[in-house]
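Input: a single structure, listed below in structure tokens.
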Amino acid sequence: MKKSTILLAVTFCTAFTFTSCNETKEKKTETEAVAEAEETAEAYMVNAEKSVINWSGSKPTGTHTGTISLNSGEVLVNDRTIEAGSFSIDMKSITVTDLDAGDGKENLEAHLMGTVEGKEGDFFNANKFPTATFEITSIEGNQYKPTVKGNLTIKDKTNPVSFNATVSYPGETLFLKSEKFTIDRTLWDVNYGSKSIFDNLGDKFISDDMELQVELHASKE
């Protein structure tokens, strides 16, 4: 009877691999309300040509680096203290900086943006989701070295992120540079090569963590 019970349990678990016997925990996060500025706040408009997001992603065989451009944005400032703001990210501008042209650079860029037929959804699927957004929810700490918290939306999925930054005001402009910070890409359904999603990858996986660094240039409206 005991052997029959064990056999039944093993058979049940094998037949329902994706249920409770091998359950994958769903990653959940909570977003916060977007920050609002006082009426007296001054608007600084993001300079999309100068602003950039630097990124890096790793796997056992090495690391790739690159940049993503911004479309537009606005930062609201009161007495040199950021109170609110947001910016739009151009997901069709993803570039790879660690590879040379003709040495895999173009292929990797196309794969990341999802412009390769049959592989559109592997990473960012930029044709379907051409823009991502970041909206500030709070600013904490020193006005020149704040912790910035906000909601990051990629592929129509929104999750909270935070980063430490340095802020300066040269002339009539604003420059914000974040420290490097990491996000878990799978929270935004960027699952390709993730060993937390797929259990048969061996050492052919890509880290869930992406490292980002924001460089934001803005000028008074």
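Each residue of the sequence shown is one higher than the one before, starting from 106 at the first, in the working numbering.
Ideal Cβ positions, reconstructed from N, Cα and C, are used throughout, including at glycine.
Since this is a predicted model, take the numbers as computed values, not measurements.
According to DSSP, residues forming a beta bridge with residue i
| i | result |
| --- | --- |
| residue 297 | Paired residue(s): none; residue 297 is not in a bridge. |
| residue 181 | 148, 189 |
| residue 196 | According to DSSP, residue 196 bridges with nothing at all. |
| residue 307 | DSSP lists no partner for residue 307. |
| residue 265 | 256 |
| residue 279 | 323 |
| residue 56 | Not covered by the structure: residue 56. The range shown for the chain is 106 to 326. |
| residue 168 | 163 |
Reduced DSSP secondary structure (H/G/I, E/B, other) of residue i
| i | result |
| --- | --- |
| residue 217 | helix |
| residue 245 | strand |
| residue 212 | helix |
| residue 128 | At residue 128, the pLDDT of 39 sits below 50, so the modelled position is not reliable; the number obtained from the coordinates is stated separately. Of the three classes helix, strand and coil, the one that applies to residue 128 here is coil, per DSSP. |
| residue 287 | strand |
| residue 338 | A query on residue 338 cannot be resolved here, the shown segment of the chain reaching from 106 to 326 and no further. |
| residue 319 | strand |
| residue 324 | strand |
| residue 273 | strand |
| residue 136 | coil |
| residue 312 | coil |
| residue 207 | coil |
When the options are compared against residue i, the one with the closest alpha-carbon
| i | options | result |
| --- | --- | --- |
| residue 214 | 223, 198, 226 | 198 |
| residue 306 | 144, 164, 251, 139 | 164 |
| residue 173 | 319, 326, 221 | 319 |
| residue 153 | 321, 248, 237 | 321 |
| residue 187 | 252, 313, 205 | 252 |
| residue 233 | 211, 259, 247, 255 | 259 |
| residue 279 | 148, 238, 144 | 148 |
| residue 217 | 208, 176, 238, 227 | 227 |
| residue 150 | 167, 181, 160, 135 | 181 |
| residue 289 | 268, 241, 140, 313 | 313 |
| residue 236 | 244, 286, 177, 209 | 177 |
| residue 145 | 212, 310, 185 | 185 |
| residue 275 | 324, 250, 311 | 324 |
| residue 309 | 317, 316, 300, 315 | 300 |
| residue 296 | 219, 255, 139 | 219 |
| residue 255 | 269, 224, 169, 248 | 269 |
| residue 203 | 273, 191, 162, 193 | 162 |
| residue 193 | 138, 158, 293 | 158 |
| residue 137 | 201, 257, 168 | 257 |
Residue i at chain B interface by Cβ criterion, 8 angstroms
| i | result |
| --- | --- |
| residue 168 | Among the protein chains of the structure shown there is no chain B, as only one such chain exists. |
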